[in-house]
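Trainee: Have a look at the structure that comes next, please.
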Amino acid sequence: MSEAQLLSGPGPAQPAPAPAGAVPPGPVPRARRARRPVTLITVASLVCAVLALPLVFLLVEADGAGTSGVLSMVFRRLTGDLVWNTVRLSLVVTFLCAVIGTGAAWCIERTDLPGRRVWEVLVIVPLAIPDFVVSFGWASLWNWVQGFKGAVLVMTLAVYPLVYLPVAASLRAADPGQEEVARSLGVGRVRTFLRITLGQAKGAILGGCLLVAMVMLAEYGAFEILGYQTFTTEIFTEFSLSFSVPAACALSLVLVALSLLVLAGEGAARGRGRISRAGGFAARKLPPRRLGRARLPVLAAFGVLTALALGVPVGSSVYWMFDGGAHAIAGASVPSALLTTASYGLAAAAADTAATLPLALLAVRHSSRVRLLLERSTYLVLAMPGVVTAFALSYFTERYGGGLLYQSAPLLVLCYAIMFFPLALVGVKASLARAPASLDDMARSLGQRRLVVLYRVTLRLAGPGLAAAFCLVFLSVVTELTATLLLIPTGVQTLASQFWAYESNLSYGQAAPFALVMIAIAALPSYVLSRFFDRSAHTQEMTT
Amino acid sequence: MTQLAVAGLNKAFGKRPILSDVRLDVPEGSLTAILGPSGSGKTTLLRIIAGFEHADSGTVTIGPITVDGPGLQIPPERRRIGYVPQEGALFPHLTVAANIGFGLPPRERSGPAVAELLAAIGLTGLGERYPHQLSGGQQQRVALARALAIKPKLVLLDEPFASLDAHLRASIRAEVRDLLRAAGATALLVTHDQDEALSTADRVAVLRDGRVAQCAAPQDLYSSPADPELARFIGDANLVQGVLGDGLVDTILGKLKVAPAGLDPIPPGPVTVLVRPEQVELRPQNGSGHRPASLAGRVIAFGYHGHDAVVHVQPEPDGDAPAIIVRTPSGRRLEPGSPVCLRARGPVLAWPRAS
Numbered sequence: 150m151s152e153a154q155l156l157s158g159p160g161p162a163q164p165a166p167a168p169a170g171a172v173p174p175g176p177v178p179r180a181r182r183a184r185r186p187v188t189l190i191t192v193a194s195l196v197c198a199v200l201a202l203p204l205v206f207l208l209v210e211a212d213g214a215g216t217s218g219v220l221s222m223v224f225r226r227l228t229g230d231l232v233w234n235t236v237r238l239s240l241v242v243t244f245l246c247a248v249i250g251t252g253a254a255w256c257i258e259r260t261d262l263p264g265r266r267v268w269e270v271l272v273i274v275p276l277a278i279p280d281f282v283v284s285f286g287w288a289s290l291w292n293w294v295q296g297f298k299g300a301v302l303v304m305t306l307a308v309y310p311l312v313y314l315p316v317a318a319s320l321r322a323a324d325p326g327q328e329e330v331a332r333s334l335g336v337g338r339v340r341t342f343l344r345i346t347l348g349q350a351k352g353a354i355l356g357g358c359l360l361v362a363m364v365m366l367a368e369y370g371a372f373e374i375l376g377y378q379t380f381t382t383e384i385f386t387e388f389s390l391s392f393s394v395p396a397a398c399a400l401s402l403v404l405v406a407l408s409l410l411v412l413a414g415e416g417a418a419r420g421r422g423r424i425s426r427a428g429g430f431a432a433r434k435l436p437p438r439r440l441g442r443a444r445l446p447v448l449a450a451f452g453v454l455t456a457l458a459l460g461v462p463v464g465s466s467v468y469w470m471f472d473g474g475a476h477a478i479a480g481a482s483v484p485s486a487l488l489t490t491a492s493y494g495l496a497a498a499a500a501d502t503a504a505t506l507p508l509a510l511l512a513v514r515h516s517s518r519v520r521l522l523l524e525r526s527t528y529l530v531l532a533m534p535g536v537v538t539a540f541a542l543s544y545f546t547e548r549y550g551g552g553l554l555y556q557s558a559p560l561l562v563l564c565y566a567i568m569f570f571p572l573a574l575v576g577v578k579a580s581l582a583r584a585p586a587s588l589d590d591m592a593r594s595l596g597q598r599r600l601v602v603l604y605r606v607t608l609r610l611a612g613p614g615l616a617a618a619f620c621l622v623f624l625s626v627v628t629e630l631t632a633t634l635l636l637i638p639t640g641v642q643t644l645a646s647q648f649w650a651y652e653s654n655l656s657y658g659q660a661a662p663f664a665l666v667m668i669a670i671a672a673l674p675s676y677v678l679s680r681f682f683d684r685s686a687h688t689q690e691m692t693t
Numbered sequence: 619m620t621q622l623a624v625a626g627l628n629k630a631f632g633k634r635p636i637l638s639d640v641r642l643d644v645p646e647g648s649l650t651a652i653l654g655p656s657g658s659g660k661t662t663l664l665r666i667i668a669g670f671e672h673a674d675s676g677t678v679t680i681g682p683i684t685v686d687g688p689g690l691q692i693p694p695e696r697r698r699i700g701y702v703p704q705e706g707a708l709f710p711h712l713t714v715a716a717n718i719g720f721g722l723p724p725r726e727r728s729g730p731a732v733a734e735l736l737a738a739i740g741l742t743g744l745g746e747r748y749p750h751q752l753s754g755g756q757q758q759r760v761a762l763a764r765a766l767a768i769k770p771k772l773v774l775l776d777e778p779f780a781s782l783d784a785h786l787r788a789s790i791r792a793e794v795r796d797l798l799r800a801a802g803a804t805a806l807l808v809t810h811d812q813d814e815a816l817s818t819a820d821r822v823a824v825l826r827d828g829r830v831a832q833c834a835a836p837q838d839l840y841s842s843p844a845d846p847e848l849a850r851f852i853g854d855a856n857l858v859q860g861v862l863g864d865g866l867v868d869t870i871l872g873k874l875k876v877a878p879a880g881l882d883p884i885p886p887g888p889v890t891v892l893v894r895p896e897q898v899e900l901r902p903q904n905g906s907g908h909r910p911a912s913l914a915g916r917v918i919a920f921g922y923h924g925h926d927a928v929v930h931v932q933p934e935p936d937g938d939a940p941a942i943i944v945r946t947p948s949g950r951r952l953e954p955g956s957p958v959c960l961r962a963r964g965p966v967l968a969w970p971r972a973s
């Protein structure tokens, strides 16, 4: 889930999505049509071409596997079953996430719930725990957690923050005056909540729900542990166990189509999620709604939620670590796996930060037509669940690339870089927006050359944001499982893959430390980062 | 000697022309203001001179060097032009001293030049502060010092006072002018505020629809505008109709002497006459009726300004005539509806009117 999961932090958490490059509403109607930045456009096009590789590979592979073969695979019974499984699970989990996420957001942002600042953290942290670890935490303790029921339980607890984050951000940014006006117009308390409060958050709720749906499409590890069959698990099986390429191609194409459908919905939801407010005045805080007699039940609900979403996975890992029985099989030690993971993560993060820079510069500084093109191109990536990207890269390098790069570390890093590119782009764009073009003009008029200006001004100002984007990609790599399993070089283990090896072997005691290390690495920084982006989006709004 | 010469400059964004055939000469050591309403192309002109934009045709020459022309665009960093934008655009990640020294070679950045400039703008001791710790006026002075640090051939100021509070504006304006004079800098100030242009600059170029409508010293611009529209743009103006004959023009405000208007004498016939509000004399109407040479009217608005008052008077009985604006030193309040007599003093300006 990592990709869409972390996207939610910087993405829809911004009230008005990615206003970075948009013309500020201030009194600066200045046509900025500088010379066409040829170098920048060339580099950006190259980056986009790399991003498109998996899709191109997939189409080449489907063609090579024979169109009729692929088509017959698409229209078989299994596909229907998988669609049913995926859709049914997505609907139920999305609904539950919407209820829990919105409810939690409202309680934390708008009521006098005791300990709001603490709950705020505890409610977000589960997002950073990899889904397959949550799944492991539950399934390893209780047998009944499996199949559809288990998937609903585990996935809801793992991804509800995807709804919570954007809804909380939108409630923070919404004009509280509207509720007051509604009340003054004679609309009752409950109907005000339904019509105004929920209305204000509608776009955010919808956006969050679609993110949840994206995760449902892309998740592999959790479903594998729970024995629940979806497109992703089936593609994985067909490709890596049955070596049936036509089947893997066919399923991948259907999965990409489904993702595109969800993405289109998400785009529409974002468009409607904008918050309009007359005048640039800062948002007033509404006096918090008093919970009164509901206080204890609400507190209890938060306690239960935290216990289930955070307590069980962490507790279960700790339990297995101390009571895991004999060490059954040999594998990489935690430090060595950590080292591998870190080196992959650093490489992918560096590649992404560097590769997003030209695109972000174009998007923030140049015409809307270029920006549109670039945004579309990142959709190419978002629509490709990790399993499809990994499958396309892996098979292509083996079959058509003459084994070049096949199962090599650079290929895995490339795969990570492609998968998490949109994540890095959001962060880099936000950070570049903090370095306005007027400062560049200024520096040049003071006699500094273009590259010197980039170094002395632009990068200095964008520095913290760039670092944050770097960290986001790094953390996503740490908790990535699907692509890792498909592409990892022989004889090497990352934290996730070693965890998986132990877990599959039911060596829970050996798997547990890896789970805990991943949680420790991902949880805290994710929280800090999500706050960082939220805040920077906020100040940006205030200053434009 | 001319320090900046702009000739035949054209610029369009897409099909929309922004600047057409702009000509402008700025003498060395002078402060010239470009005055125009928003959207008149002033900022574009400034950005072309600074090198951020390229003109479609025409030339920009600084000193002896042409910096922008057909097939030629010297990049901004090689023009040595100090630029002070509206919002100051101080680098938020650098201290005040580092901002001022930004354009200097690395070794001079912490040298005496920066300290001298800090002293010149009255911020000695604040060099280690960051821009956000300064007031708006202080930031604007730092921005100017930063521009002056590179010993520019020309300083461009793009509405530098627009974001300041009204009460700060006048004092900062004077301070900036003094700093520029002391540095002997040639400067170009862009503004939409005519008060600012008239009070600060040595010369004012009025930019209208992408053209320089007139470029003159402030007094000349006020006393002899090139056409009626400019007359209305610079200061308050009463434009009344009249008939010229014999060196006198006959208007509703009486027979007035016409000022000699440049080289071409105006042929007798219908004219448009400019009467400035302070050229009109206002008297309360008393019971004995008004003198035949004056215009009767009723007060429709009274604006008190302390040092003087501005009165709008509707001429009677001709209800269709435009209201006459009168500036009177008397602070006595006139209620709307009060009957008054008006009388103008020449000499006035006149332009031929197509009949």
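Respectively, the protein sequence lines represent chains A and B.
Quick note: the first sequence uses our numbering, first residue 150, plus one each step.
Quick note: the second sequence uses our numbering, first residue 619, plus one each step.
C-beta: ideal position from N, C-alpha, C; glycine also.
Touch check for the region 272-280 of chain A and the region 300-309 of chain A: three-plus C-beta pairs under 8 Å?
Mentor: yes
Trainee: Given a cut-off of 7 Å, decide if alanine 539 of chain A and threonine 643 of chain A are closer than it, judged by their beta-carbon atoms.
Mentor: In the first sequence, residue 643 of chain A corresponds to position 494, counting from 1. In the first sequence, residue 539 of chain A corresponds to position 390, counting from 1. Result no, Cβ atoms of threonine 643 of chain A and alanine 539 of chain A do not sit closer than 7 Å.
Trainee: Buried or exposed: which applies to alanine 968 of chain B, given that a residue is buried once 16 or more other Cβ atoms fall within 10 Å of its Cβ?
Mentor: Here the question's residue 968 of chain B lines up with position 350 in the second sequence. Flag for alanine 968 of chain B reads buried.
Trainee: Buried or exposed: phenylalanine 471 of chain A, going by 16 or more other Cβ atoms within 10 Å of its Cβ?
Mentor: Position 322 of the first sequence holds residue 471 of chain A. The residue is exposed, with fewer than 16 neighbouring Cβ atoms inside 10 Å.
Trainee: Using the Cβ count rule (16 or more neighbours within 10 Å means buried), how would you classify serine 653 of chain A?
Mentor: By one-based count along the first sequence, residue 653 of chain A stands at place 504. Serine 653 of chain A comes out exposed.
Trainee: Mind listing the chain B neighbours of methionine 591 of chain A? Cutoff is C-beta to C-beta under 8 Å, in chain order.
Mentor: Reading the first sequence from its first residue, position 442 is the one you call residue 591 of chain A. Chain B residues near methionine 591 of chain A: Tyr701, Pro703, Ala707, Phe709.
Trainee: Would you please verify whether the beta carbon of arginine 609 of chain A is less than 7 Å from any beta carbon of chain B?
Mentor: Your numbering for residue 609 of chain A matches position 460 in the first sequence. Arginine 609 of chain A counts as touching chain B.
Trainee: State the beta-bridge partners of serine 675 of chain B as determined by DSSP.
Mentor: For the purposes of this step, residue 675 of chain B is taken as the residue at position 57 of the second sequence. BP columns for serine 675 of chain B point to B/Asn628.
Trainee: Buried or exposed for glycine 175 of chain A, please, with buried defined as at least 16 other CB atoms from any protein chain shown within 10 angstroms of its CB.
Mentor: Start at 1 with the first residue of the first sequence, and residue 175 of chain A comes out as number 26. In this predicted model, glycine 175 of chain A has a pLDDT of only 37, less than 50, meaning its place in the structure is not dependable enough to derive any value.
Trainee: Counting only C-beta atoms, is glycine 729 of chain B closer than 7 Å to chain C at any point?
Mentor: Absent from the structure: chain C. Protein chains present are A and B.
Trainee: Nearest by alpha-carbon distance to alanine 253 of chain A: which of A/Ala350, A/Tyr313, A/Leu271, A/Phe285 is it?
Mentor: Sequence index remark: in the first sequence, residue 253 of chain A carries index 104 (1-based). When only C-alpha atoms are compared, the closest one is A/Tyr313.
Trainee: What are the residues of the region 592-605 of chain A that lie near chain B, defined by any Cβ-Cβ distance shorter than 9 Å?
Mentor: Ala592, Arg593, Ser594, Leu595, Gly596, Gln597, Arg598, Arg599, Val601, Val602, Arg605
Trainee: Of the residues that make up the region 912-929 of chain B, which ones have a beta carbon closer than 9 Å to any beta carbon in chain A?
Mentor: none
Trainee: Under 8 Å between beta-carbons, which chain A residues line up against isoleucine 652 of chain B? List them in chain order, please.
Mentor: Translated into positions along the second sequence, residue 652 of chain B becomes position 34. Neighbours of isoleucine 652 of chain B on chain A: none; closest Cβ ~16 Å, over 8 Å.
Trainee: Would you check if the distance between the CB atom of serine 740 of chain A and the CB atom of glycine 614 of chain A is smaller than 7 Å?
Mentor: Nothing can be reported for residue 740 of chain A, as the shown portion of chain A is limited to 150 through 693.
Trainee: Just to confirm the assignment: which complete beta strand (DSSP E) runs, minimum length 3, are found wholly within the region 940-967 of chain B?
Mentor: 942-946, 957-962
Trainee: For the region 909-927 of chain B against the region 833-841 of chain B, are there 3 or more C-beta pairs whose distance is under 8 Å?
Mentor: no
Trainee: Rounded to the nearest angstrom, what separates glutamate 368 of chain A and leucine 208 of chain A at their Cα positions?
Mentor: Your numbering for residue 368 of chain A matches position 219 in the first sequence. Your numbering for residue 208 of chain A matches position 59 in the first sequence. Cα to Cα, glutamate 368 of chain A sits roughly 22 Å from leucine 208 of chain A.
Trainee: For isoleucine 852 of chain B, which residues from the same chain have a beta carbon less than 7 Å from its beta carbon, with the 5 sequence-adjacent residues on both sides left out?
Mentor: Within the second sequence, the letter at position 234 stands for residue 852 of chain B. The beta carbon of isoleucine 852 of chain B lies closer than 7 Å to those of Gln812, Leu839, Tyr840, Pro843 in the same chain, with the five residues before and after it left out.
Trainee: In whole angstroms, what is the alpha-carbon distance linking arginine 344 of chain A and leucine 402 of chain A?
Mentor: For the purposes of this step, residue 344 of chain A is taken as residue 195 along the first sequence, with counting starting at 1. For the purposes of this step, residue 402 of chain A is taken as residue 253 along the first sequence, with counting starting at 1. Cα to Cα, the separation comes out at about 40 Å.
Trainee: For chain B, is any of its Cβ atoms less than 7 Å away from the one on threonine 692 of chain A?
Mentor: The count along the first sequence starts at 1 and reaches residue 692 of chain A at position 543. Confidence at threonine 692 of chain A is low in this model, with a pLDDT of 37, below 50, so its placement is unreliable and the value that follows should be read with caution. Chain B, which has no Cβ nearer than 7 Å to the Cβ of threonine 692 of chain A, makes this no.
Trainee: So, with DSSP's three-state summary, where would you put phenylalanine 920 of chain B?
Mentor: On the second sequence, position 302 is the one that residue 920 of chain B refers to. Looking at phenylalanine 920 of chain B - three-state DSSP - the assignment turns out to be strand.
Trainee: Examine the Cβ distances between the region 621-630 of chain B and the region 672-679 of chain B and report whether three or more of them are shorter than 8 Å.
Mentor: yes
Trainee: May I ask you to report which of helix, strand or coil DSSP gives glycine 743 of chain B?
Mentor: Here residue 743 of chain B refers to the residue found at position 125 of the second sequence. Reduced to three states, the DSSP call for glycine 743 of chain B is coil.
Trainee: Go ahead and label glycine 632 of chain B buried or exposed: buried means 16 or more other beta carbons lie within 10 angstroms of its beta carbon, across all protein chains shown.
Mentor: Here residue 632 of chain B is taken as the residue at index 14 of the second sequence, counted from 1. Residue burial annotation: glycine 632 of chain B is exposed, with fewer than 16 other C-beta atoms found within 10 angstroms of its C-beta.
Trainee: Pull the bridge partners of proline 888 of chain B from the DSSP assignment, please.
Mentor: Looking up residue 888 of chain B in the second sequence gives position 270. DSSP output for proline 888 of chain B lists B/Val861 as bridge partner(s).
Trainee: Pull up the distance between the alpha-carbon of arginine 791 of chain B and that of threonine 818 of chain B, whole angstroms please.
Mentor: For this step, residue 791 of chain B is matched to residue 173 along the second sequence. For this step, residue 818 of chain B is matched to residue 200 along the second sequence. C-alpha separation (whole angstroms): 7 Å.
Trainee: Tryptophan 969 of chain B bridges to which residues according to DSSP?
Mentor: Here residue 969 of chain B is taken as the residue at index 351 of the second sequence, counted from 1. B/Thr890.
Trainee: So, under 8 Å CB-CB, leucine 359 of chain A and valine 411 of chain A are touching, yes? Tell me the CB distance rounded to an integer number of Å.
Mentor: Here the question's residue 359 of chain A lines up with position 210 in the first sequence. Here the question's residue 411 of chain A lines up with position 262 in the first sequence. Taking C-beta atoms under 8 Å as the contact rule, leucine 359 of chain A and valine 411 of chain A qualify, at a distance of about 5 Å.
Trainee: In terms of residue numbering, what span does the beta strand (DSSP E) encompassing glutamate 899 of chain B cover?
Mentor: For this step, residue 899 of chain B is matched to residue 281 along the second sequence. That run of the beta strand (DSSP E) goes 898-902.
Trainee: With which residues is cysteine 833 of chain B paired in a DSSP beta bridge?
Mentor: Against the second sequence, residue 833 of chain B aligns to sequence position 215. Cysteine 833 of chain B pairs with B/Ala823.
Trainee: Which of the three DSSP states, helix, strand or coil, is assigned to glutamine 932 of chain B?
Mentor: On the second sequence, position 314 is the one that residue 932 of chain B refers to. Note: glutamine 932 of chain B maps to strand in three-state DSSP.
Trainee: Pull up the CB-CB distance for proline 933 of chain B and isoleucine 942 of chain B, whole angstroms please, since I reckon it's below 8 Å.
Mentor: Taking the second sequence and counting its residues from 1, the one referred to as residue 933 of chain B is at position 315. Taking the second sequence and counting its residues from 1, the one referred to as residue 942 of chain B is at position 324. Indeed they touch by this definition, with Cβ atoms about 6 Å apart.
Trainee: Count the other CB atoms, across all protein chains shown, that sit within 10 Å of the CB of alanine 300 of chain A; report buried if there are 16 or more and exposed otherwise.
Mentor: One-based indexing of the first sequence puts residue 300 of chain A at position 151. Buried is the call here.
Trainee: Following the continuous alpha helix (DSSP H) through isoleucine 354 of chain A, name the residue where it begins and the one where it ends.
Mentor: Counted from its first residue, the first sequence places residue 354 of chain A at position 205. Run containing isoleucine 354 of chain A: 347-367, per the alpha helix (DSSP H) assignment.
Trainee: What does leucine 457 of chain A touch in chain B if you count any residue whose Cβ is under 9 Å from its own?
Mentor: Looking up residue 457 of chain A in the first sequence gives position 308. Result: empty, since nearest Cβ-Cβ is about 45 Å, beyond 9 Å.
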